[in-house]
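Protein chains: 2
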Amino acid sequence: MFEVFFSQVKDKVLLSEAEQKLVKTFFSPKKIRKKQYLLQEGNICRHLAFVEKGLLRSYNVDEKGVEHMIHFAWEGWWMADMLSFLSDEPSTYHIDAIEEAELLLISQTDFEKMLLKVPVMERYFRILFQNNIISKERRLISSITNSAEEKFLHLSATNPALIKRIPQQLVASYLGITPETLSRIKKKLAKGSSKT
Amino acid sequence: MFEVFFSQVKDKVLLSEAEQKLVKTFFSPKKIRKKQYLLQEGNICRHLAFVEKGLLRSYNVDEKGVEHMIHFAWEGWWMADMLSFLSDEPSTYHIDAIEEAELLLISQTDFEKMLLKVPVMERYFRILFQNNIISKERRLISSITNSAEEKFLHLSATNPALIKRIPQQLVASYLGITPETLSRIKKKLAKGSSKT
DNA sequence: GCTAGGTCTTGAGAAAGGTTAAGAAATCAA
DNA sequence: TTGATTTCTTAACCTTTCTCAAGACCTAGC
């Protein structure tokens with residue numbers, strides 16, 4: 000159950016056998032089905048979720064009822080509404096499963112406990128957050144500076160796996176464009192590249 | 000010189016006198032004039048900069064020569080290209096001073112040393128990065144989901160100080176819209192609210 | 001194999017925002 | 001204080017993207 004988890008953690012920090020054992024005790028496994036909620040808007044995000052298997056998404060819904068994709072997380076990634084998790088405020092997000100998933104959950108208090116008892120995990124999360132900042136910044140810059148077509152090309156270049164695995168309408172939402180626009184862009188790009 | 004710095008750090012973690020003394024040794028002060036560069040595109044970002052006084056901006060320049068604002072940092076904020084700083088890759092950003100500034104700089108190696116010697120600073124940066132993730136996420140969501148007018152209103156609500164202190168064309172760039180559009184939006188909002 | 005539900009594509013018209021250009025206002029230095 | 005420089009505003013026109021609507025495609029369950 001912890002295979003993906005520890006391979007991820009060991010990518011970033013060194014962990015003794017004893018520390019591993021201790022870390023394990025803070026997590027509890029959970030399976031969720033396709034379309035099942037892990038978190039609904041208005042509730043407090045009480046856990047960080049690590050994805051051992053499957054695929055989650057987080058999104059919010061605007062006044063017009065339109066969903067806006069915020070994140071996707073598959074094997075090896077974390078998922079949560081960090082704001083709600085850290086501040087104890089009701090979340091403005093939904094989190095649910097796009098594909099059936101196996102998760103490792105850690106609660107707010109256990110998270111704090113773990114960081115204090117296993118300082119190397121404090122380091123792990125500092126590094127994780129660093130990387131997260133960098134990737135968010137890239138996405139933000141692309142969102143601010145690029146046209147719809149450029150945004151799609153940028154995503155194709157930086158995260159081709161996402162485009163393969165995520166349904167197209169959700170990719171469009173993630174890019175902040177409409178499904179129709181994305182469809183047209185793909186058509187145009189296909190035409191331009193294949194000169195049979 | 001360290002007044003703003005320690006008041007900031009103590010906001011997030013507890014620091015003993017000895018730790019404070021030790022932390023100080025890793026930083027060096029630097030003053031820069033208005034319009035002076037702290038980092039230019041193509042160079043490696045070798046320092047994190049803490050702003051004791053003044054105002055910095057980071058931005059990139061696209062193929063057409065248009066500047067896109069990424070961040071602003073004034074008293075109490077950090078500034079760097081985290082990607083370049085952490086990965087040792089050449090930066091794609093420029094950083095310069097909008098207002099004359101007094102900074103505290105810490106190098107890459109000193110940063111790593113400090114975190115290892117003063118674990119509470121590891122914690123400080125984990126918390127700092129957490130908060131950064133949350134605010135970046137908010138900006139990203141606003142950028143993806145909102146119209147130009149809504150983006151401006153969102154920024155006015157969440158960060159009025161920014162709008163007051165930053166020249167308007169730079170605010171427009173920060174929002175990913177043109178100065179002309181921002182000017183039109185402000186006119187429209189002023190008209191709507193003042194019914195004399 | 002057939003049908004229901006979802007997903008993707010396509011087209012026409014509308015709206016938002018960008019571009020270009022010119023002038024007004026504010027700022028700064030001589 | 002006055003000319004020079006920069007910033008902000010305004011207007012006409014143009015491009016991109018969205019909206020709405022219809023039809024094609026695809027897949028799962030019967």
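If you read the protein sequences in the order shown, they are chains A and B. For the first sequence, numbering that gives the first Met the number 0 gives the first residue as 0, with consecutive numbering after it. For the second sequence, numbering that gives the first Met the number 0 gives the first residue as 0, with consecutive numbering after it. Just so it is clear, CB atoms sit at the ideal spot from N, CA and C, and this is done for glycine as well. Remember, it's a predicted structure, so these values are computed and weren't measured experimentally.
(request) Identify each residue in the stretch 23 to 43 of chain B for which the Cβ-Cβ distance to at least one residue of chain A is less than 9 Å, and report them in chain order. (result) none
(request) Would you mind sorting GLN129 of chain A into buried or exposed? The rule is 16 or more other CB atoms within 10 Å of its CB. (result) buried
(message) Could you check whether PHE124 of chain B and ARG125 of chain A sit closer than 7 Å to each other, using their CB atoms as the reference points?
(response) yes
(request) Assign SER83 of chain A to one of three DSSP states: helix, strand, or coil. (result) The answer is helix: DSSP assigns SER83 of chain A an H, G or I state.
(message) Just list the residues that DSSP pairs TYR58 of chain B with in beta bridges.
(response) B:MET68 and B:HIS93
(message) Does LEU152 of chain B come out as helix, strand or coil in the three-state DSSP assignment?
(response) helix
(request) Identify the contact partners of ILE140 of chain A in chain B, using a Cβ-Cβ distance below 8 Å as the criterion. (result) ASN59, HIS67 and ILE69
(message) Is there a Cβ of chain B sitting closer than 7 Å to that of LYS185 of chain A, yes or no?
(response) Chain B, which has no Cβ nearer than 7 Å to the Cβ of LYS185 of chain A, makes this no.
(request) May I have the straight-line CA-CA distance separating ILE97 of chain A from ALA79 of chain A, to the nearest angstrom? (result) 15 Å
(message) Counting C-beta neighbours from all protein chains within 10 Å, is the total for SER193 of chain B 16 or more, i.e. buried, or is it exposed?
(response) Its pLDDT being 46, under 50, SER193 of chain B is placed unreliably by the model, and the measurement read from it follows with that caveat. Exposed is the call here.
(request) Would you kindly work out how many angstroms separate the C-alpha atoms of LEU188 of chain A and PHE25 of chain A, rounded to a whole number? (result) 48 Å
(request) Grab me the residues of SER83 of chain A's own chain with a C-beta within less than 6 Å of its C-beta, minus the 5 sequence neighbours each way, in chain order. (result) ILE43, CYS44 and SER90, listed in sequence order.
(request) Taking the CB atoms as reference points, tell me whether THR180 of chain A and ALA147 of chain A lie closer together than 7 Å. (result) yes
(request) Compare the C-alpha of GLU74 of chain B against each of B:ARG164, B:SER106 and B:GLU111 and name the closest. (result) B:ARG164
(message) Using a Cβ-Cβ cutoff of 7 Å, what residues of the stretch 125 to 150 of chain B are near chain A? List them in chain order.
(response) ARG125, PHE128, GLN129, ASN131, ILE132, ILE133, LYS135, GLU136, ARG138, LEU139, ILE140, SER142, ILE143 and THR144
(request) Could you please give the first and the last residue of the uninterrupted beta strand (DSSP E) stretch that includes ILE165 of chain B? (result) From DSSP, ILE165 of chain B is part of no beta strand (DSSP E); its letter is neither H nor E.
(message) My output table needs one value for PHE1 of chain B: the three-state DSSP class, helix, strand or coil.
(response) coil
(request) Just the C-alpha distance for SER142 of chain B and SER6 of chain A, rounded to the nearest angstrom, thanks. (result) If you draw a straight line from the Cα of SER142 of chain B to the Cα of SER6 of chain A, it comes to about 34 Å.
(message) Classify ALA171 of chain B: buried if its beta carbon has 16 or more other beta carbons within 10 angstroms, exposed otherwise.
(response) buried
(message) According to DSSP, is SER146 of chain A part of a helix, a strand, or is it coil?
(response) It is coil, neither helix nor strand.
(message) With a threshold of 7 Å between beta carbons, is SER15 of chain A in contact with chain B?
(response) no
(request) Any chance you could list the beta strand (DSSP E) runs of at least 3 consecutive residues sitting entirely within the stretch 2 to 31 of chain B, in chain order? (result) 27 to 31
(message) Residues of chain A with CB closer than 7 Å to the CB of LEU85 of chain B, please, in chain order.
(response) GLN129
(request) Helix, strand or coil for ILE126 of chain A, going by three-state DSSP, please let me know. (result) helix
(request) Could you tell me whether any Cβ in chain A is nearer than 7 Å to the Cβ of GLY53 of chain B? (result) no
(message) List, in chain order, every chain A residue whose beta-carbon is nearer than 8 Å to that of GLY175 of chain B.
(response) What GLY175 of chain B touches in chain A: SER142, ILE143 and THR144.
(request) Kindly list, in the order they appear in chain B, the residues whose Cβ is closer than 8 Å to that of PRO118 of chain A. (result) PRO118 and GLU121
(request) Please report the residue range of the alpha helix (DSSP H) in which LYS112 of chain A lies. (result) For LYS112 of chain A, the enclosing alpha helix (DSSP H) stretches over residues 107 to 116.
(message) Going by C-alpha to C-alpha distance, which of B:ASN158, B:ILE94 and B:ILE140 sits closest to ASP61 of chain A?
(response) B:ILE140
(request) State the DSSP-derived secondary structure class of LYS52 of chain A, mapped to helix, strand or coil. (result) Looking at LYS52 of chain A - three-state DSSP - the assignment turns out to be strand.
(request) Compute the Euclidean distance between the alpha carbons of VAL119 of chain B and ARG56 of chain B, then round it to the nearest angstrom. (result) The C-alpha of VAL119 of chain B lies about 28 Å from the C-alpha of ARG56 of chain B.
(request) Figure out for me which residue from A:HIS93, A:LYS11, A:LEU13 and A:MET0 has the closest Cα to the Cα of LYS23 of chain A. (result) A:MET0
(request) For THR195 of chain B, count neighbouring Cβ atoms within 10 angstroms of its own Cβ and tell me buried if that reaches 16, exposed if not. (result) At THR195 of chain B the pLDDT is 33, less than 50, meaning the model places this residue with poor confidence; the figure from the coordinates comes in the next sentence. Flag for THR195 of chain B reads exposed.
(request) Take GLN167 of chain A and list the residues in its own chain whose beta-carbon comes closer than 7 Å to its own, dropping the five residues that flank it on each side. (result) PRO178 and LEU181
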